[in-house]
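J.:
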Amino acid sequence: MLEYVHGHLTEATPTYAVVDCHGVGYYLNISLSTFAQLQGKTECQLFIHEAIKEDAYSLYGFFTKEERELFRLLILVSGVGANTARVILSAYQPVEIQRAIMTEDVNLIKGIKGIGPKSAQKIIIELKDKVAKLDMQGAGDVGTLFPVATSPIKSEALAALEVLGFKKEAAQKDIDRLIKQNPDITVEQLVKLAIKEFSSMR
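Under the numbering used here, the first residue of the sequence shown carries the number 3, and numbering increases by one thereafter.
1. So, using beta-carbon positions, are Ala-31 and Tyr-6 closer together than 7 Å?
2. Using a Cβ-Cβ cut-off of 7 Å (strictly less than) and excluding sequence neighbours within five positions of Glu-52, which residues of its own chain qualify?
3. Classify Val-26: buried if its beta carbon has 16 or more other beta carbons within 10 angstroms, exposed otherwise.
4. By how many angstroms is the C-alpha of His-10 removed from the C-alpha of His-24?
5. Would the beta-carbon of Ile-177 fall within 7 Å of that of Ala-159?
6. Quick one: what does DSSP say Val-144 is sitting in, helix, strand or coil?
7. How do the region 78-87 and the region 178-198 stand: do at least 3 beta-carbon pairs fall below 8 Å, yes or no?
8. Under 8 Å: do the region 131-140 and the region 68-82 share three or more Cβ pairs, one atom per stretch?
9. From the DSSP output, in three-state form, read off Val-20 for me.
10. Taking only the alpha-carbon atoms, compute the straight-line gap between Gln-123 and Val-97 and give it to the nearest angstrom.
11. Quick check: what's the CA-CA separation for Lys-132 versus Ile-117?
12. Within 10 Å of its beta-carbon, does Tyr-94 have 16 or more other beta-carbons around it, so buried, or fewer, so exposed?
13. Given Val-189, which residues of its chain have a CB within under 6 Å of its CB, disregarding the five upstream and five downstream residues?
14. Whole angstroms are fine: how far does the CA of Val-20 sit from the CA of Gln-41?
15. Distance, Cα to Cα, Val-79 vs Ile-126?
16. Return the residue from the list Tyr-18, Lys-169, Ser-121, Glu-171 that minimises the CA-CA distance to Gln-39.
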């Protein structure tokens, strides 16, 4: 079982990263929280979760053990798959998710794409005591974010939203509007805003 990979960061997008470890490239599915932590880095260490199914083998990478543990707790809840858990960790920072569960903030959790009122209640009931034990101090603290050019940010944001389950056609106009309103917006900020806006329109 893989615990972590440490190596040269050859590629980083809002939804995946590629880490070269002694000539072997690991393709890791990541959240926006982890993506933000990788900005400006050429070398990194990501903690691994292996998702093994009959027809697929996927790796998920996390910048902190705490984010990985929260991801693992989320996928234990019936109806919350790996991709939904990644959307949750992309909509908010890990410490914000922890706080929402502990304070029983149903509205915040159900506002995330793929999470309805019943699922939100289930997440709170099943995980409230468990997430209280996690030390989230500094987990997902993105620090200074790096703005990028409008064209790359638009294409990266649209690609990320597609991977996270949003339709490209529906996202296009909202992405353009958000970029126009916030010219210096980062990829992470743009995708977070889009996720929240789309979820509020359900």
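We treat Cβ as the ideally placed atom computed from N, Cα and C, and that holds for glycine.
Remember, it's a predicted structure, so these values are computed and weren't measured experimentally.
T.: In terms of the structure at hand:
1. Per the sequence presented here, residue 31 reads as Asn, with Ala not at that position. Not closer than 7 Å, so no.
2. Short of 7 Å from the beta carbon of Glu-52, and not among the five residues preceding or following it, lie these beta carbons of its own chain, in chain order: Met-3, Leu-4, Leu-61.
3. Exposed is the call here.
4. Rounded to the nearest angstrom, the two C-alpha atoms are 9 Å apart.
5. Yes, Cβ-Cβ distance for Ile-177 and Ala-159 is below 7 Å.
6. In this prediction, Val-144 has a pLDDT of 43, which is less than 50 and means its spatial position is unreliable; what the coordinates show is noted afterwards. Residue state, collapsed to three classes: coil.
7. No, the region 78-87 is not in contact with the region 178-198.
8. A contact is defined here as three or more CB-CB pairs under 8 Å, and the region 131-140 meets this definition with respect to the region 68-82.
9. In the displayed model, Val-20 falls within a strand according to three-state DSSP.
10. Gln-123 and Val-97 have their C-alpha atoms spaced approximately 18 Å apart.
11. If you take the alpha carbons of Lys-132 and Ile-117, they lie about 19 Å apart.
12. Counting Cβ neighbours within 10 Å, Tyr-94 comes out buried, since at least 16 surround it.
13. Excluding residues up to 5 positions away in sequence, Pro-16, Ile-155, Glu-158, Ala-159 lie with their Cβ nearer than 6 Å to the Cβ of Val-189 in the same chain.
14. Computed Cα separation, rounded: 13 Å.
15. Straight-line Cα distance between these residues: approximately 10 Å.
16. Of Tyr-18, Lys-169, Ser-121, Glu-171, the residue nearest in Cα terms is Tyr-18.
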